[in-house]
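Each remark here refers to the structure printed beneath this line.
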Amino acid sequence: MGDTPTEITRRDFLKLGVGGATGLIGAGTLAAALLTPPARIAQPAAHAQHSSADHDAHSLMPGLDGEVDHVANGFHPSELLTSFDYGRLSTLPNGQTLREYNFFASTKTIEIAAGISFEAWTYNGRIPGPTIRAREGDRLRIHFTNATAHPHSIHFHGIHPGSMDGVYEPVPVGGHFTYEFDAEPFGLHLYHCHISPLAEHISKGLYGAFIVEPKQGWPHADHELVMVMNGFDIDFDGENDLYAVNAIPFHYDKNPIRIKTGELVRIFLVNMLEFDAINSFHLHGNLFHYFPTGTSLTPSEYTDTVMQAQAQRGILEFRYKYPGRFMFHAHKVEFADLGWSGVLEVEAA
Numbered sequence: 383m384g385d386t387p388t389e390i391t392r393r394d395f396l397k398l399g400v401g402g403a404t405g406l407i408g409a410g411t412l413a414a415a416l417l418t419p420p421a422r423i424a425q426p427a428a429h430a431q432h433s434s435a436d437h438d439a440h441s442l443m444p445g446l447d448g449e450v451d452h453v454a455n456g457f458h459p460s461e462l463l464t465s466f467d468y469g470r471l472s473t474l475p476n477g478q479t480l481r482e483y484n485f486f487a488s489t490k491t492i493e494i495a496a497g498i499s500f501e502a503w504t505y506n507g508r509i510p511g512p513t514i515r516a517r518e519g520d521r522l523r524i525h526f527t528n529a530t531a532h533p534h535s536i537h538f539h540g541i542h543p544g545s546m547d548g549v550y551e552p553v554p555v556g557g558h559f560t561y562e563f564d565a566e567p568f569g570l571h572l573y574h575c576h577i578s579p580l581a582e583h584i585s586k587g588l589y590g591a592f593i594v595e596p597k598q599g600w601p602h603a604d605h606e607l608v609m610v611m612n613g614f615d616i617d618f619d620g621e622n623d624l625y626a627v628n629a630i631p632f633h634y635d636k637n638p639i640r641i642k643t644g645e646l647v648r649i650f651l652v653n654m655l656e657f658d659a660i661n662s663f664h665l666h667g668n669l670f671h672y673f674p675t676g677t678s679l680t681p682s683e684y685t686d687t688v689m690q691a692q693a694q695r696g697i698l699e700f701r702y703k704y705p706g707r708f709m710f711h712a713h714k715v716e717f718a719d720l721g722w723s724g725v726l727e728v729e730a731a
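Under my numbering, the first residue of the sequence shown carries the number 383, and numbering increases by one thereafter.
Structure, rendered in structure tokens:
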């Protein structure tokens, strides 16, 4: 029995080609280490039994060095950083600002790594869904259409009537529902599907950020960036195989975020990771002021690492003193090695 070879999981196999604690992949390292079969679509097989041969075939994954087809995906993670949806504005008879949004849920195949496709459920064809941005006290009206083959909903975090909570009102296949409530309180919130089985609906991509500005606004920032942390269970065994910010593993390693010394950077950080209890954010060469949930104008701490459970979120603010290349990543080596890693390229002002 002691001579039986130990099975290497997909997660462990991926790590063999990844650059250790730095979480950076050397060019071609992983691609050369792995066979490259035709691209597979990761999707659950209803009530099917898989042979060991099938499992081994699925474990032969292409390398993570290559770029995904952002055009085919219909979204680009670099653009998602600064993509805010302010809605269609009008004024109600009582003088209140009305913001209207159109949301639809759809099934969409997304390339999450070179040669790895994932059958996702999305809001408006992207992961994460649109970042809703409003001002405290605005009336929000979200028109939702379910264009999938499963019931879905939108559950918003924040304060709103029970009839708008998106839990007991599943929107049927082909159905429509309009959510309407006032944006409160100010801060960083989120939304996600709340239909059972909840873990499946979240892990397949139905979530997004929801920002409510204070009535007086926040101080000007030179860069405002949305980062939604997530993972992908590509073999549907209840464990994540890849990790990311804004859906694509290692995207911000290959496409660094460029800023200058002295500039104020504000990050809206949301954790929507399923299956793992805790996620984290660590910043190299600097510390940040942290505002949990963004519901206070006074930071809770000045630190370089923060942990979040699922649906926890917070606002980070910092300025870089020195130029250089600085990593940001999950401070759990496994997550960083499997995609949750990025680079800030800081230039001298």
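For glycine and all other residues, C-beta sits at the position ideal for the given N, C-alpha and C.
Residue i - partner residues in DSSP beta bridges
i: arginine 701; result: Bridge partners of arginine 701: none, in fact.
i: alanine 487; result: Tyr505 and Asn528
i: isoleucine 541; result: Isoleucine 541 pairs with nothing; no bridge assigned.
i: glycine 696; result: Leu651 and Pro674
i: glutamine 690; result: Asn661
i: glutamate 482; result: Arg470 and Arg523
Coarse secondary structure for residue i, derived from DSSP in three states
i: glutamate 493; result: strand
i: threonine 404; result: At threonine 404, the pLDDT of 36 sits below 50, so the modelled position is not reliable; the number obtained from the coordinates is stated separately. Residue state, collapsed to three classes: helix.
i: tyrosine 468; result: coil
i: methionine 443; result: For methionine 443, the predicted structure reports a pLDDT of 38, less than 50, and the residue's modelled location is therefore unreliable. A value from the coordinates is still provided. Methionine 443: coil per DSSP, three-state reduction.
i: alanine 415; result: With a pLDDT of 32 at alanine 415, under the threshold of 50, the predicted position of this residue should be treated as unreliable, and no value is reported.
i: alanine 435; result: Residue confidence for alanine 435 is low, a pLDDT of 36 falling below 50, so the modelled location carries little weight; the figure read from the coordinates is stated next. Note: alanine 435 maps to helix in three-state DSSP.
Where the alpha helix (DSSP H) through residue i begins and ends
i: phenylalanine 592; result: Segment 589 to 595 is the beta strand (DSSP E) holding phenylalanine 592; no alpha helix (DSSP H) there.
i: serine 460; result: 459 to 462
i: phenylalanine 717; result: 715 to 719
i: isoleucine 584; result: 580 to 585
C-beta atoms of residue i and residue j nearer than 8 Å
i: isoleucine 524; j: isoleucine 536; result: yes
i: valine 610; j: proline 512; result: no
i: isoleucine 494; j: isoleucine 630; result: yes
i: threonine 677; j: phenylalanine 568; result: yes
i: tyrosine 589; j: methionine 654; result: yes
i: phenylalanine 486; j: alanine 454; result: no
i: glycine 519; j: lysine 597; result: yes
Boundaries of the beta strand (DSSP E) in which residue i is found, first to last residue
i: alanine 454; result: Note, alanine 454: premise wrong, no beta strand (DSSP E); alpha helix (DSSP H) at 452 to 455.
i: aspartate 564; result: 558 to 564
i: glutamate 727; result: 723 to 729
i: leucine 570; result: 569 to 574
i: glycine 706; result: 706 to 711
i: isoleucine 514; result: 513 to 517
In the segment 600 to 688, which residue ranges form an unbroken alpha helix (DSSP H) of at least 4 residues, counting only runs that do not cross its ends?
The qualifying runs are 633 to 636.
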